[in-house]
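To get my numbering, take the position in the sequence shown, counting from 1, and add 79.
The beta carbon of each residue, even a glycine, is placed where N, CA and C say it ideally should be.
Worksheet for the structure shown next.
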Amino acid sequence: MEVKSIKEKHTELLMHSVRFAKDEQGRRKGQEVLFKWPDVEKQLGEHKHIYVVDTRLGSNNHTHRLWYDIIPPHTEEGQDWRTLGHRHTVEAIIYFLKGHGHSIIDGERYDWGPGDLLSVPMFSWHRHINDSDEPVLRIASTTGPLSLALGQAVYEDERFPEFWIYAQEGEDARKTLIPGGGGKMVNGKDAGNRTAELYAEQVAFAMHEEQLRRKSKVLVKQKDLVFEPTAMGNLAYVVDPRIGFHSKALGVVMAEIPPGKRSGAHRHLYDEIDLVVGGKGKVIVEDKEYHFDTLDVLAIPVFQWHQYFNTGSEPLRILGINTRLAMDNLGLSLTHQGEHADYV
Ligand SMILES: [Fe+2]
Ligand SMILES: [Fe+2]
C-alpha cells in the first residue's frame, strides 16, 4: 500500500477544498432532472414507498429529498402505530394527490384531501390515516440529507423503542418538540449582568422555539392558496415563515402558468424539487430541455437557470419545494431574476 508523506496528504486536502466548487459545477450539470410518473407508478406497484430524488440514489441534492408513497384504503402509514406514531428531526412536507384521510400531529387532528398539504413541525409525533375506500397517493419531501450531514438525524418510531434517543427519558421528553428538550421556560431577564442575560437567553432558546412550533400553521387547504402576479408568473406562497409557518429549512410555493405562456427565468443557490400537479409543459435548465406531464418530478440543480413553459391546453400547476430557508439561515441565499413571465 502506498504511504503518503505528511506533505502529500495535507496538500491533497487543501486541493480538495480549492477544487470543490469547480467540480461541483460539473456534478450539477450531470444531475438527473426529470423523473417520469409512469416509471414511479410501476415501482409503486411493487413497493408502496419509492424514493425519487435522493442523494443515496445519485442525486446531487445535498439538502432535501422527495418520495412517493401509497397508504392503502382504511389503513395507516406504519400499520402497528396506535398511539404516538413517529417523530424526526427533519422538516417534512406532505402533499396529498388522491384519497381522503386525517393526520394526528402533536395530539391534534387534521383532515385532508387531494391538493391539501401538511407542514409537519420538527420532532412532533405524527400518524397519517387513510379514511377512504381508495388508496391515498401522496409525496413527501424532507430535509433528511441536511440533518444527516449535520449529525442530527433522529428518527423515533413507536414500534422501535430500542432505537429511541430521547423519548424514554420521561413524560416531558416524550412530549417536547425539541430533541432532548422538555421542561419549563427559563426567564433570563433577572440574570444580574448582560453576559449572564445573554447566556440565559441561550438556555431559553429551545423552549421558546418549542412555543413557536406549537403555535405555527400545519395544514394548507388547496382552496386557501392566494395566487398573485410576480416576475416569475402567478405564484402562491404555500409554506413560508412570513405567512405563519415556523419553518427554518423547507419552503413551498405553487406556480400557475396559463396555456401557451411561460414563467420567468431565474437561478438560485438553494435546491428545488418540483412536483407537476396539473397540466403539461417543458422546462429549460441552462441549455437542456425537458418535457413533463402531470405527476412528473423535476430536480432543479443549484444555480442553474430554469424557465417553465405551458405546452398543453390546461393550466400548468407546479408545486416547488425548496430549501431556501435553510440557505437564508446560513447566509448563503442568492436568487438572480432573468427574463420575466410573459403573462402578468
Ligand atoms: Fe414522518
Ligand atoms: Fe426556481
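Practice problem: Report the partner residues of residue 368 according to the DSSP bridge assignment. | Solution: Beta-bridge pairing links residue 368 to 363.
Exercise. Could you tell me the boundaries of the beta strand (DSSP E) in which residue 147 lies?
Key: 144 to 150
Self-check item: residue 302 versus residue 151 - alpha carbon distance
Solution: 26 Å
Practice problem: Alpha carbon to alpha carbon, how far is residue 404 from residue 241? Give it in angstroms, no decimals. | Solution: 33 Å
Exercise. Determine the burial state of residue 315: buried for a count of at least 16 other Cβ atoms within 10 Å of its Cβ, exposed for fewer.
Key: buried
Quiz prompt | Entirely enclosed alpha helix (DSSP H) segments - the region 163 to 233, minimum 4 residues | solution = When DSSP assignments are scanned along the region 163 to 233, the uninterrupted stretches of alpha helix (DSSP H) that are 4 or more residues long and fall wholly within it turn out to be 223 to 228.
Quiz item: Is the CB of residue 301 under 9 Å away from at least one CB in chain D?
Solution: The displayed structure is made up of one protein chain only, and chain D is not part of it.
Exercise. Return helix, strand or coil for residue 319, following the three-state DSSP convention.
Key: Assignment of residue 319 by DSSP, reduced to helix, strand and coil, places it in the coil class.
Quiz prompt | Test item: CB-CB of residue 296 and residue 195 under 9 Å | solution = no
Practice problem: With DSSP as the reference, label residue 135 as helix, strand or coil. | Solution: helix
Quiz item: Under a Cβ-count criterion, where at least 16 other Cβ atoms within 10 Å of its own Cβ denotes burial, should residue 119 be classed as buried or exposed?
Solution: buried
Exercise. Tell me whether residue 351 counts as near ligand 2, meaning its Cβ is closer than 8 Å to at least one heavy atom of that ligand.
Key: yes
Quiz item: From this set, 93, 80, 101, 112, which residue's C-alpha is nearest residue 366's C-alpha?
Solution: Of the listed residues, the one whose Cα sits closest to residue 366 is 112.
Quiz prompt | Helix, strand or coil at residue 309 according to DSSP, with G and I counted as helix | solution = Residue state, collapsed to three classes: strand.
Quiz prompt | Beta-carbon proximity of residue 452 to residue 166, cut-off 9 Å | solution = Residue numbering for the chain in the displayed model covers 80 to 423; residue 452 lies beyond these limits and cannot be assessed.
Practice problem: Could you say which of 377, 423, 392, 417 lies nearest to residue 401 if we only look at CA atoms? | Solution: 377
Exercise. Can you check DSSP and say which residues form a bridge with residue 298?
Key: 197
Quiz item: Just to confirm, does residue 360 get its C-beta within under 8 Å of one of the non-hydrogen atoms of ligand 2?
Solution: No, ligand 2 has no heavy atom inside 8 Å of this Cβ.
Quiz item: Does ligand 2 have a heavy atom nearer than 8 Å to the CB of residue 379?
Solution: yes
Exercise. Just jot down, in chain order, the residues whose CB lies closer than 7 Å to any heavy atom of ligand 1.
Key: 165, 167, 171, 199, 205
Practice problem: Give the DSSP-derived three-state secondary structure of residue 239 in the structure shown. | Solution: coil
Exercise. Taking only heavy atoms of ligand 2 into account, decide whether any of them is closer than 8 Å to the Cβ of residue 347.
Key: yes
Quiz item: Can you name, in chain order, every residue of its own chain whose Cβ lies under 8 Å from the Cβ of residue 153, other than the five neighbours on each side?
Solution: Counting only Cβ-Cβ distances below 8 Å, and skipping sequence neighbours, we find 209, 210, 211, 212.
Quiz item: Mind checking whether residue 307 and residue 358 have CB atoms under 9 Å apart?
Solution: no
Practice problem: Please state whether DSSP places residue 281 in a helix, a strand or coil. | Solution: helix
Quiz prompt | 8 Å contact criterion, which residue 272 and residue 423 should meet: CB distance rounded | solution = Contact doesn't hold; Cβ gap of about 55 Å is too wide.
Practice problem: Look at the Cβ atom of residue 257, then the Cβ atom of residue 289, and state whether they are nearer than 9 Å. | Solution: It is a contact, given that the beta carbons lie within the stated cut-off.
Self-check item: Buried versus exposed, by CB contacts within 10 Å (16 or more), residue 140
Solution: buried
Quiz prompt | Alpha carbon of residue 388 to alpha carbon of residue 317, nearest angstrom | solution = 21 Å
Practice problem: Could you pull out every residue in the same chain whose Cβ sits closer than 7 Å to the Cβ of residue 123, ignoring the five residues on either side in sequence? | Solution: Taken in chain order, the residues that qualify are 129, 147, 149.
Practice problem: Spatial neighbours of residue 372 within its chain, please: CB distance less than 6 Å, with the 5 preceding and 5 following residues excluded, ordered by chain position. | Solution: Spatial neighbours of residue 372 in its own chain (CB-CB distance under 6 Å, excluding positions within 5 residues in sequence) are listed in chain order as 359.
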